[in-house]
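Q: Below is the structure I would like to discuss, written out as structure tokens.
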Amino acid sequence: MKKGTHMNRGTTMDTTATLRNELSALTTKLFSYAGSKMKFKKDFDRLHQEFGKSIKVKTYVEAFAGTLASLFHNLAHVEAKRYIINDTNKRIINLYQQIQANPQELFEKFALLENEFQRIIPEDLRNQRYVKEEFRDNLFKANQDFYLEARAYLNQCPLDTNNAALFLFVMHHNFNGLYHENKKGDLNVSFNWSSEMINMDAIRRSIFNLHHFFTTHVVIFENKDVFELINTLDEKETFIYLDPPYSNSNIQYSSKAHSFNEVQTHLELIALCQKYDYVMYSNNYEMILEKEFQACVEFQRGNFGTKKSQKPTHEMLALVCHIKTSYYTSIPALLGIATQETLYMANNLSMTPVEDTKPCSVVALLNNAA
Ligand SMILES: C[S@@+](CC[C@H](N)C(=O)[O-])C[C@H]1O[C@@H](n2cnc3c(N)ncnc32)[C@H](O)[C@@H]1O
Numbered sequence: 001m002k003k004g005t006h007m008n009r010g011t012t013m014d015t016t017a018t019l020r021n022e023l024s025a026l027t028t029k030l031f032s033y034a035g036s037k038m039k040f041k042k043d044f045d046r047l048h049q050e051f052g053k054s055i056k057v058k059t060y061v062e063a064f065a066g067t068l069a070s071l072f073h074n075l076a077h078v079e080a081k082r083y084i085i086n087d088t089n090k091r092i093i094n095l096y097q098q099i100q101a102n103p104q105e106l107f108e109k110f111a112l113l114e115n116e117f118q119r120i121i122p123e124d125l126r127n128q129r130y131v132k133e134e135f136r137d138n139l140f141k142a143n144q145d146f147y148l149e150a151r152a153y154l155n156q157c158p159l160d161t162n163n164a165a166l167f168l169f170v171m172h173h174n175f176n177g178l179y180h181e182n183k184k185g186d187l188n189v190s191f192n193w194s195s196e197m198i199n200m201d202a203i204r205r206s207i208f209n210l211h212h213f214f215t216t217h218v219v220i221f222e223n224k225d226v227f228e229l230i231n232t233l234d235e236k237e238t239f240i241y242l243d244p245p246y247s248n249s250n251i252q253y254s255s256k257a258h259s260f261n262e263v264q265t266h267l268e269l270i271a272l273c274q275k276y277d278y279v280m281y282s283n284n285y286e287m288i289l290e291k292e293f294q295a296c297v298e299f300q301r302g303n304f305g306t307k308k309s310q311k312p313t314h315e316m317l318a319l320v321c322h323i324k325t326s327y328y329t330s331i332p333a334l335l336g337i338a339t340q341e342t343l344y345m346a347n348n349l350s351m352t353p354v355e356d357t358k359p360c361s362v363v364a365l366l367n368n369a370a
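Oh and the sequence shown: position 61 is 61 in the numbering used here, straight run, nothing missing.
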């Protein structure tokens, strides 16, 4: 596929291998976001290489979805039959649901907002990274008013296509890609004072690439606090990626969700995920957290939305596999005794969770399968 093009809605893309070649964090990017893993693809690749195992699971869970950059980094290494995309941010989840259902309408509404914003920029102030302070209270004031009105409508309107278009617009004009809400749950990030052009072709391409992924794969959207999400899932053959708000950080997105300021909350979350085959995790580097994982890479991130004089943060990306490997061949395998698992596999039936893996009577099993 040529650079700058997108997959058409009608295109079929059957295999995960094709998906890996065509879709990436870059070709699906919609907006900048505090905590996004957009720039860290090589660190994701490094971790998977260090882990050294190609991963196939029934369910992939992106528990803290954000921009989905991390989902697409992981898809280069993990194959799944279904994908659960979760975030406590209802506006982000609505955006993805609208992309799945109404991509064209969403893009057109976003374009209406963005074109109007561009139309009212005075000629002399066009395409500037930051409009000078002296123009902010006069020539550029209408643009700030337009942003504030869009933000106010976003906070009032139901979760529909308008909401998704307003959200996308606000995320392009808010201060440094920051997202936070007040106690009422209203987004309250200030205007970015930028008049830079937005690449509408790239946004359109990303919307349709995401639409393609959401409609050619089994994708389930959830809008839950992560602790609640984990309690509703019981599929062991799961790869879960945890990218919570960082410990000891003032970026907490929403006051209603669990706070992740304390390292202890991170440890509790990781412990709760022991039931999954694979757990991958990101955070500020903490030795006590690294100990929970089998492979870990470290890297530096320039501070997002904070003063340049502050040092970049030291971060970690880690992975653990909870599949128990046996040091000997099992007795059923040695003697050819049928177990529930081998019978179900031979009959190509999906497994139901088995509490007790002792060999069972063949007759009982076949009766069950029939
Ligand atoms: C660090 S960002 C994720 C960034 C994402 N991996 C990416 O590459 O863009 C954290 C996300 O978690 C969400 N979040 C915060 N607290 C949450 C919670 N308790 N449960 C679920 N999601 C939460 C925030 O809304 C935010 O979108």
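All C-beta atoms in this analysis are idealised placements derived from N, C-alpha and C, irrespective of residue type, glycine included.
Taking only three categories from DSSP, how would you classify Asn143?
A: helix
Q: For Val320, which residues of its own chain have a beta-carbon under 6 angstroms away from its beta-carbon, when the five flanking residues on both sides are left out?
A: A distance below 6 angstroms between beta-carbons, with the five flanking residues on each side excluded, links Val320 to the following residues of its chain, in chain order: Val279, Phe293, Gln294.
Q: Give the straight-line distance between the Cα atoms of Leu148 and Met171, rounded to the nearest whole angstrom.
A: 12 angstroms
Q: Pair every Cβ in the stretch 50-65 with every Cβ in the stretch 82-95, then say whether three or more of these pairs are closer than 8 angstroms.
A: yes
Q: Measuring from the CB of Gly185, is there a heavy atom of ligand 1 at a distance below 7 angstroms?
A: no
Q: Mark Glu114 as exposed unless 16 or more other C-beta atoms lie within 10 angstroms of its C-beta, in which case mark it buried.
A: Buried, by the Cβ-count rule.
Q: Is there contact here, the stretch 35-51 with the stretch 69-79, by at least three beta-carbon pairs under 8 angstroms?
A: yes
Q: Please determine if the stretch 93-103 and the stretch 206-214 are in contact, where contact requires at least 3 C-beta pairs separated by less than 8 angstroms.
A: yes
Q: Might you give, ordered along the chain, the residues of its own chain that have their beta carbon closer than 7 angstroms to the beta carbon of Phe299, omitting 5 neighbours on each side?
A: Phe40, Asp43, Glu315
Q: Can you pull the DSSP bridge partners for Ser282?
A: Leu317
Q: Pick out whichever of Asp124, Gln128, Leu187, Leu125 has its Cα sitting closest to the Cα of Arg151.
A: Leu187
Q: Excluding sequence positions up to five away, which residues of its chain have a Cβ less than 7 angstroms from the Cβ of Asn163?
A: Arg91, Asn94, Leu154, Cys157
Q: Run through the DSSP bridge pairs and tell me what Ala295 is partnered with.
A: Leu319
Q: Closer than 7 angstroms: is that where the CB of Leu68 sits relative to any heavy atom of ligand 1?
A: Inclusion of Leu68 in the 7 angstroms shell around ligand 1 follows from its C-beta lying nearer than that to a non-hydrogen atom of the ligand.
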